[in-house]
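Input: a single structure, listed below in structure tokens.
Chains as they are written, first to last, in the working numbering: chain G, 9 to 501; chain E, 5 to 488.
Here you go:
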């Protein structure tokens with residue numbers, strides 16, 4: 009029997025249907041793999057026991073011929089999604105022990121379709137970070153290593169645990185959230201596929217909020233088709249989220265093989281930024297060539313306000329986060345450190361509960377919203393955000409999708425890039441503009457760097473046109489034939 | 005009448021603006037499905053949204069929007085097609101989210117105006133600056149434990165309309181009349197129950213003073229004043245205080261003050277320097293609120309007749325005085341009672357009986373109109389008995405007193421007690437003859453020119469009839485008899 013952890017979701021579903029193996033076997037194989045990979049620190053909370061129970065129930069449904077669309081598929085759930093009765097921490101000590109009495113809409117949708125959650129995946133604290141080193145529950149380690157170097161690398165962030173779990177074959181897919189690149193950048197660092205759909209495509213209900221106008225849920229998987237299957241389940245209008253959009257969810261797998269003939273692929277010139285790793289620029293050119301060879305028309309486009317996206321993001325996101333995180337005050341749930349009086353209790357609780365990066369962003373956000381600075385920072389950032397959005401609208405007059413690098417470097421070692429926060433923030437330079445504009449984006453692995461690390465390319469699509477993005481992604485995937493796996497997790501025979 | 009406060013340096017004018025928080029009369033909260041009822045056990049009406057739990061999102065309650073628009077129309081105000089919810093950020097244990105969702109730069113309702121009725125019969129127009137929707141905070145309880153404070157979140161997220169007036173009022177009386185009129189309007193519309201003692205209507209009072217004709221002075225805001233009487237007391241005290249400060253060489257600092265209901269005074273709560281920086285910004289969880297013109301027109305069609313329109317109709321149709329009409333329309337219940345009682349009756353007479361006899365008796369018994377033992381139809385029937393001469397006004401008072409105790413129909417009481425007015429001329433003629441026969445000296449005096457004695461004869465006849473003789477007939481017959 010081949011190792012069950014090497015299946016894609018699509019092939020596992022076929023195998024389950026044909027009774028080649030059971031959901032219990034599939035889930036057990038992934039639990040065993042998870043146990044063997046605990047040093048990666050992918051999960052904050054493991055839910056293996058309930059997973060086994062759910063696998064039994066899935067097998068019963070398969071036996072009766074009433075299996076659900078994703079029945080028995082073991083996944084990792086980013087610990088930003090509230091899960092009823094299961095500890096939900098957002099990787100913050102301030103929420104340690106918090107068991108929500110409700111289920112997020114997205115995790116509920118997946119559950120309803122039969123997926124089985126193996127654990128709550130580690131992340132940057134409150135999803136604030138690009139390397140999964142701000143978690144209150146320890147760093148996540150990337151399953152990939154540089155050739156001949158045993159240094160631990162970061163998996164990217166903030167959805168680092170989710171990406172590492174899928175890459176390390178301890179989960180078949182995972183949920184993530186993307187505020188400025190938190191799905192796409194870790195997908196690139198871990199050599200897997202991840203998609204951030206259009207803002208409003210997935211409900212934010214029950215997702216611990218970081219920056220509400222940017223946060224969007226999306227899936228990780230090891231190929232385009234699996235991402236399409238997961239997104240189909242996760243997406244949809246939710247009356248409980250006023251910013252979710254009421255339009256039908258298409259079958260994202262239907263058009264996967266339609267190819268790119270007749271499609272126009274835009275290459276934004278502003279994304280050729282100094283300091284980008286030359287190997288990544290080279291991979292970008294290769295990607296352009298692959299699509300050209302497949303019949304796409306390549307057009308050069310301009311997104312003139314790209315240079316301001318990062319600064320704008322670091323005004324808007326902290327502003328929203330400073331307000332969103334005010335509720336963690338030690339009064340009703342989570343951690344409380346008793347002080348001499350109310351203010352003292354607030355200060356002690358928040359000082360003990362929040363890590364350095366979260367505190368930094370709350371301070372920045374409070375500052376940019378305060379009287380006297382509001383117009384200079386927050387209001388100006390809102391105006392620039394509109395211009396960034398307009399850039400994309402203009403570009404999409406000329407093309408159907410955009411192709412860019414996902415991140416300026418491959419995965420770096422833990423401890424690198426931490427000398428000052430701005431260097432770290434630069435990691436999201438290619439992902440942030442689309443986040444600011446609410447446009448969908450995804451990252452697909454297309455090759456390896458000279459020292460053996462995966463490199464990803466980013467596709468950006470028109471609003472609610474994830475289908476076209478998936479088509480292009482599938483074409484790139486077929487052309488790139490990316491089959492490398494992390495060295496520690498070589499395919500078993 | 006101009007309200008003038010005499011100071012050592014001359015006459016002072018008081019300038020008043022009011023911010024009234026009115027809880028929208030709905031089943032559920034502004035952004036959650038939890039019940040918005042008053043008086044439930046602490047923390048029994050709290051959804052995860054109201055408790056500010058992680059990942060929870062607000063969704064606007066359409067009913068609240070409808071009622072805010074309806075109230076705006078009732079205030080003759082502009083309805084804004086697009087309004088924006090913003091977050092007002094501050095920390096307090098009874099504010100679970102760490103911010104209040106409110107409308108700031110773009111409220112749902114803009115400029116409007118209402119009429120207020122003053123005791124001297126004059127009417128004044130008061131401008132409305134805006135009306136916006138916002139959520140209420142929870143309630144902190146500081147008297148339940150020696151060291152700790154408790155928090156009740158039942159109120160957290162309740163829908164409020166903040167109605168801001170222009171600084172158009174110039175006396176405690178005007179402020180009182182404004183609150184009274186506003187309360188009447190929201191009650192007529194059914195958009196707020198107006199119960200100030202339950203806190204479903206609360207006032208923040210802005211007061212400043214100036215010499216007549218001078219620029220506006222610096223204002224102080226008195227928070228959470230919870231009755232019409234307290235609003236007036238607070239203004240009286242605060243205006244005097246400000247005049248004293250200025251006249252003794254001091255300066256008014258803009259600040260928030262609290263009203264002490266026991267002593268009738270105000271004291272400083274926090275100055276402008278200590279004021280929070282609320283860091284308002286548009287709530288990213290909510291899209292701008294759009295109300296289409298069709299939606300507004302549909303709501304306009306449901307508008308009931310409002311107190312001012314009713315008042316004008318009463319004056320026109322029934323020839324009532326402004327004061328009488330104002331008193332009748334002041335309360336929705338009262339106007340409804342009146343209209344029911346007056347159906348097919350002498351409306352002016354019904355108005356008289358309602359405002360003097362019934363309201364007087366209810367007041368004495370500390371009862372509301374709803375608790376009245378005399379129903380509207382019964383009061384109407386009583387007036388009917390007067391109009392058709394079945395009983396006299398004097399007897400009617402007796403009947404009314406009995407109705408108020410027993411709740412019986414007036415006709416039954418008249419029947420039981422034999423109070424029917426005597427209109428039988430034969431019977432009255434007989435009494436008249438008796439009275440004339442019994443007082444020959446008085447008759448002589450009358451005939452000798454002492455006209456005033458006529459009243460004595462009328463009184464004697466009525467007395468003899470046990471009050472039942474119809475006074476008009478008595479008059480006629482006596483005149484005839486004495487002229488014989």
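In this text, a Cβ means the ideal position worked out from N, Cα and C, and glycines have one as well.
Short of 7 Å from the beta carbon of residue 357/G, and not among the five residues preceding or following it, lie these beta carbons of its own chain, in chain order: 337, 338, 343, 344, 345. Per DSSP, residue 331/G lies in no beta strand (DSSP E) segment; the continuous alpha helix (DSSP H) that holds it begins and ends at 317-332.
With 16 or more neighbouring CB atoms inside 10 Å of its own CB, residue 21/E falls in the buried class. In the three-state scheme derived from DSSP, where H, G and I count as helix and E and B as strand, residue 466/G is classed as strand. Taking 8 Å as the cut-off between beta carbons, the residues of the segment 45-79 of chain E near chain G are 52, 55, 56, 57, 58, 59, 60, 61, 62, 63, 64, in sequence order.
For residue 309/G, the number of other beta carbons within 10 angstroms of its own is at least 16, and it is reported as buried.
Among the CB atoms of chain G, one or more fall inside 9 Å of the CB of residue 97/E.
Cβ-Cβ separation between residue 71/E and residue 28/E: approximately 5 Å, consistent with a contact (criterion under 8 Å). Taking C-beta atoms as the reference points, residue 52/G and residue 82/G fail to come closer than 9 Å. In this structure the segment 453-465 of chain G lies against the segment 194-211 of chain G, because at least three pairs of beta carbons, one per stretch, are closer than 8 Å.
Going by DSSP, residue 450/E is part of the alpha helix (DSSP H) stretching over 444-451. Listed as beta-bridge partners of residue 228/G by DSSP are 182/G, 202/G.
When Cβ-Cβ separations below 9 Å define contact, residue 191/G makes no contact with chain E. The continuous stretches of alpha helix (DSSP H) do not include residue 200/E, and DSSP gives it neither H nor E. In the structure shown, residue 290/G falls within a helical segment according to DSSP collapsed to helix, strand and coil.
Residue-level contact check: residue 215/G touches chain E, since one or more beta carbons of chain E fall below 9 Å from its beta carbon. In this structure, 445/G is the residue among 445/G, 378/G, 412/G, 370/G with its C-alpha nearest to the C-alpha of residue 392/G. Taking the CA atoms as reference points, residue 414/G sits about 23 Å from residue 261/G.
Taking a Cβ-Cβ cut-off of 7 Å, residue 145/E has no neighbours in chain G, whose nearest Cβ is about 14 Å from it. Residue contact with chain G for residue 103/E: present (Cβ-Cβ distance below 9 Å to some residue of chain G). Between residue 48/E and the set 159/E, 476/E, 247/E, 280/E, the nearest pair of CA atoms involves 159/E. The C-alpha of residue 88/E lies about 24 Å from the C-alpha of residue 322/G.
Residue 364/G has a beta carbon lying at 9 Å or more from every beta carbon in chain E. Residues of chain E whose Cβ lies closer than 9 Å to the Cβ of residue 247/G are, in chain order, 63. In this structure the segment 79-97 of chain E does not lie against the segment 196-213 of chain E, because fewer than three pairs of beta carbons, one per stretch, are closer than 8 Å. Straight-line measurement puts the Cα of residue 425/G at about 31 Å from the Cα of residue 95/G. Where residue 17/G is concerned, the enclosing alpha helix (DSSP H) starts and stops at 17-25. Residue 82/E has a beta carbon lying at 9 Å or more from every beta carbon in chain G. Not a single CB atom of chain E sits nearer than 9 Å to the CB of residue 383/G.
With a 10 Å radius around the Cβ and a threshold of 16 neighbouring Cβ atoms, residue 153/E comes out exposed. Using a Cβ-Cβ distance cut-off of 8 Å, the segment 366-373 of chain E and the segment 381-397 of chain E are not in contact, since fewer than three pairs of beta carbons, one from each stretch, lie closer than that value. The beta carbon of residue 273/E sits closer than 8 Å to the beta carbons of 227, 259, 260, 261, 262 from its chain, once the five residues preceding and following it are set aside; these are given in chain order. Between the segment 222-241 of chain G and the segment 9-19 of chain E there are fewer than three C-beta pairs closer than 8 Å, too few to call the two in contact. Interface annotation, residue 328/G: in contact with chain E, CB-CB separation under 9 Å. Under the Cβ distance rule, residue 186/G does not count among the residues neighbouring chain E, no pair being separated by less than 9 Å. With 16 or more other Cβ atoms from the protein chains shown falling within 10 Å of its own Cβ, residue 304/G counts as buried.
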